[in-house]
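**Student:** In this text, residue positions in the sequence shown follow the working numbering: the first is 91, and each later residue adds one. Built from N, CA and C at the ideal position, the CB exists for glycine as well. Okay, here's the structure, questions in a sec.
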Amino acid sequence: MLLSAAFSTLGLLCTALAFVQIAGAIAASLLGGSLPAPDTLALIAALLAGRALGRTGREWTGQALAAQEVRVWRGRLTSRALALGPVALSGRRGADLAALDAELSPHLTPYYARYLPGALHAALAFVVVLAFTFRLDPATAGLLLLTGPLTVGFLALVGLATGTATERQWVAHTRLSARLLTVTRHLPTLHAFGAVAAYREVLAQSAARQRATTLGVLKVAFLSGFVMDFAATLATALVAVWTGVRLFGGEAALAPTLAALMLVPEFFGPLRQLGADRHAALDAEPLAGRLCDLMAAPVAPSGTAQVGPSVPHLQLVSARAELTRPTAALTLDLPPGTHAALRGPSGSGKTTLLHALRKHVPYAGTVQVDGTPLDALEAAGWQARVAFVPQYPRLIAASVTENLKLWNPDATEAEVRRAAQAVGLAEVLDALSAGWNTPLGEGGVQLSGGETARLALARALLSGACLILLDEVTAHLDAGSEAEVLAAVGSAFADRTVVLATHRRAPAEWLDVALQPAHAGAAA
91 MLLSAAFSTL GLLCTALAFV QIAGAIAASL LGGSLPAPDT LALIAALLAG RALGRTGREW
151 TGQALAAQEV RVWRGRLTSR ALALGPVALS GRRGADLAAL DAELSPHLTP YYARYLPGAL
211 HAALAFVVVL AFTFRLDPAT AGLLLLTGPL TVGFLALVGL ATGTATERQW VAHTRLSARL
271 LTVTRHLPTL HAFGAVAAYR EVLAQSAARQ RATTLGVLKV AFLSGFVMDF AATLATALVA
331 VWTGVRLFGG EAALAPTLAA LMLVPEFFGP LRQLGADRHA ALDAEPLAGR LCDLMAAPVA
391 PSGTAQVGPS VPHLQLVSAR AELTRPTAAL TLDLPPGTHA ALRGPSGSGK TTLLHALRKH
451 VPYAGTVQVD GTPLDALEAA GWQARVAFVP QYPRLIAASV TENLKLWNPD ATEAEVRRAA
511 QAVGLAEVLD ALSAGWNTPL GEGGVQLSGG ETARLALARA LLSGACLILL DEVTAHLDAG
571 SEAEVLAAVG SAFADRTVVL ATHRRAPAEW LDVALQPAHA GAAA
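The structure is reproduced here in structure tokens:
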């Protein structure tokens with residue numbers, strides 16, 4: 091931006107000096123009948139070359155600034171998304187993040203390449219041209235000082251109605267992107283159920299809304315350009331008429347007045363271009379708002395402390411996850427080897443608290459691991475000691491053995507079998523068509539719900555984690571299967587700390603912790 095300001099100043103100074111020389115040469119030719127000297131012509135040519143150099147340099151620096159800022163913002167977006175992680179981003183649509191990344195260059199490049207340098211150039215032109223004009227012809231400078239702010243005021247008035255229009259356009263654009271992405275992902279299913287025609291109509295309606303809102307933004311942009319052109323043309327005509335009246339009346343000298351008149355378009359030209367480029371700022375505003383929201387999202391802090399090799403002692407004092415909605419606070423003491431069930435209705439904060447214990451989302455209150463605050467622990471080291479088993483474990487389209495070794499690829503066959511036996515899964519796997527080499531398919535379609543839960547538990551057992559977090563792993567099972575899975579958890583993880591989020595009452599030997607929604611209070 092400093093380099094762009096330097097090029098703008100160079101171009102404006104060269105333009106003003108060139109116009110002064112040209113006006114003097116014209117006045118000498120008309121009044122004295124003498125042609126300009128070669129030195130004067132050479133000076134004018136050099137000044138006009140400096141004007142061209144200033145304009146070229148300003149355009150070059152604008153493009154360089156745009157390329158740099160798009161690269162910086164893409165790096166910030168990627169770093170922030172990775173720092174937040176999938177849990178903290180789960181409340182955002184994937185299409186919104188994809189649109190942010192895809193629209194960085196189309197929306198930010200015009201803003202940084204044209205609008206921002208143009209605004210700086212217009213401000214410098216206001217100062218430089220006004221200063222030269224005041225020295226040449228104070229009356230013309232007075233008119234510029236009066237009409238210039240009025241022109242900028244017209245542009246500001248037009249801009250008052252742009253915020254809502256650009257926000258609607260961005261929402262329509264991201265909604266169309268989300269629906270297109272969803273239809274593309276599920277196109278085979280839509281074909282299978284004959285629902286392609288219905289969703290084709292949905293896409294057509296979304297496209298029509300996006301087209302209408304985009305045209306609305308373009309109308310505002312064209313209106314701002316028209317207002318600036320009209321105001322600048324009117325002001326220029328007013329100055330020209332006033333200058334002509336004074337010249338015919340003999341109240342002004344030709345050379346300085348003509349030079350001042352020639353500078354008037356240089357005063358209003360940057361403002362007119364700023365009005366024409368106004369749509370670049372309009373396009374960038376919604377994107378910038380989403381980027382700022384993402385940058386402001388809290389990230390789970392990470393320190394440098396390392397946890398010991400043994401099963402840790404967890405202490406929670408008024409702890410709750412910090413997400414978009416308030417959750418219940420929990421005070422709890424978990425000595426090594428404790429099996430606890432966090433029981434409560436949806437919205438009480440069970441799952442989010444489990445994510446906070448794994449340092450995937452920030453939390454409020456106090457959480458200590460062997461006396462060390464959880465925030466002070468190094469994130470990767472702590473997460474390697476914690477296993478999280480969701481309600482619907484993710485199984486890949488590979489063999490049983492590969493799914494079991496997903497968290498520990500170096501596990502031996504004997505270790506894999508012991509883990510499966512510990513959760514009561516070995517006999518089931520032995521009975522499969524290809525045994526342990528049976529391909530499960532995406533989502534593990536060859537296993538029942540209880541068998542899938544056992545496989546996920548065996549995988550967590552193989553990971554060597556000392557803290558096992560179970561998120562509603564039995565919610566989709568019947569009472570008999572639930573009892574079998576919880577019995578397998580109790581025996582397989584007897585020497586490890588287990589925290590289970592559930593809607594149901596846990597076995598009698600488990601520590602039962604009742605949670606209530608935040609508005610109803612919490613009890614432990």
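Who are the Cβ neighbours of V407 in its own chain at under 7 Å, not counting the five residues just before and after it?
**Tutor:** By one-based count along the sequence shown, residue 407 stands at place 317. Hits under 7 Å: T421, G455, T456.
**Student:** By the 10 Å Cβ neighbour count, where 16 or more other Cβ atoms means buried, how is N493 classified, buried or exposed?
**Tutor:** As a first step, residue 493 is located in the sequence shown; it is residue number 403 there, counting from the start. Buried, because 16 or more other Cβ atoms sit within 10 Å of the Cβ of N493.
**Student:** Comparing C-alpha positions only, which one of H276, V160, F222, T230 sits nearest to C104?
**Tutor:** On the sequence shown, position 14 is the one that residue 104 refers to. Answer by Cα proximity: F222.
**Student:** Considering only the beta carbon of each residue, do S489 and W526 sit closer than 9 Å?
**Tutor:** By one-based count along the sequence shown, residue 489 stands at place 399. By one-based count along the sequence shown, residue 526 stands at place 436. Going by C-beta atoms, S489 is nearer than 9 Å to W526.
**Student:** Nearest to L567 by CA position, among A370, L381, E503, Q481, is which residue?
**Tutor:** Start at 1 with the first residue of the sequence shown, and residue 567 comes out as number 477. Ranking the options by Cα distance to L567, first place goes to Q481.
**Student:** Taking DSSP as the reference, what is the three-state secondary structure of A96?
**Tutor:** As a working note, residue 96 is residue 6 in the sequence shown. DSSP places A96 in helix when its eight states are reduced to three.
**Student:** Just checking my contact of L210 with S98 at CB under 8 Å: how many whole Å lie between their CB atoms?
**Tutor:** As a first step, residue 210 must be located in the sequence shown, where it is residue number 120. As a first step, residue 98 must be located in the sequence shown, where it is residue number 8. About 7 Å; that satisfies the 8 Å criterion.
**Student:** Would you decide whether A106 is buried or exposed? Buried here means 16 or more other CB atoms lie within 10 Å of its CB.
**Tutor:** Indexing the sequence shown from 1 puts residue 106 at position 16. With 16 or more other Cβ atoms within 10 Å, it is buried.
**Student:** Just confirm the distance between the C-beta atoms of H450 and G175, as a whole number of angstroms; I'd bet it's less than 8 Å.
**Tutor:** Counting from 1 along the sequence shown, the entry for residue 450 is found at position 360. Counting from 1 along the sequence shown, the entry for residue 175 is found at position 85. That pair is a contact at about 5 Å.
**Student:** Residue range of the beta strand (DSSP E) that L422 falls in?
**Tutor:** Position 332 of the sequence shown, counting from 1, holds the residue named residue 422. Counting along the chain, the beta strand (DSSP E) containing L422 begins and ends at 420-424.
**Student:** Just how far apart, CA to CA, sit L33 and A509?
**Tutor:** Absent from the structure is residue 33, since the part of the chain shown begins at 91 and ends at 614.
**Student:** Quick one: what does DSSP say V513 is sitting in, helix, strand or coil?
**Tutor:** If you number the sequence shown from 1, residue 513 lands on position 423. V513 falls in the coil class under three-state DSSP.
**Student:** Could you spell out the range, first to last residue, of the alpha helix (DSSP H) harbouring Q536?
**Tutor:** Residue 536 sits at position 446 when you count from the first residue of the sequence shown. That residue, Q536, is in no alpha helix (DSSP H); it is neither H nor E in DSSP.
**Student:** Have a look at A591 and P483 and give me their C-alpha separation to the nearest angstrom.
**Tutor:** Taking the first residue of the sequence shown as position 1, residue 591 is located at position 501. Taking the first residue of the sequence shown as position 1, residue 483 is located at position 393. About 15 Å.
**Student:** When we look at the beta-carbon of M318 and count the other beta-carbons within 10 Å, is it buried (16 or more) or exposed?
**Tutor:** Position 228 of the sequence shown holds residue 318. By the 10 Å Cβ count, M318 comes out buried.
**Student:** Beta-carbon within less than 8 Å of L280's beta-carbon, same chain only, minus the 5 sequence neighbours each way: which residues are those?
**Tutor:** What you label residue 280 is simply residue 190 of the sequence shown in a count that begins at 1. Hits under 8 Å: V273, V286, Y289.
**Student:** In the DSSP output, which residue or residues are listed as bridge partners for T587?
**Tutor:** Walking along the sequence shown from the start, residue 587 turns up at place 497. Note: T587 sits in a beta bridge opposite L557.
**Student:** What did DSSP end up calling H429 once you bin it into helix, strand or coil?
**Tutor:** Taking the sequence shown and counting its residues from 1, the one referred to as residue 429 is at position 339. The answer is strand: DSSP assigns H429 an E or B state.
**Student:** For L353, report the span of its alpha helix (DSSP H) as first-last.
**Tutor:** For the purposes of this step, residue 353 is identified with residue 263 of the sequence shown, where counting begins at 1. From DSSP, the alpha helix (DSSP H) with L353 extends over 344-366.
**Student:** Taking DSSP as the reference, what is the three-state secondary structure of L404?
**Tutor:** Taking the first residue of the sequence shown as position 1, residue 404 is located at position 314. Looking at L404 - three-state DSSP - the assignment turns out to be strand.
**Student:** What three-state label does DSSP hand V335 in the structure shown?
**Tutor:** Position 245 of the sequence shown, counting from 1, holds the residue named residue 335. V335: helix per DSSP, three-state reduction.
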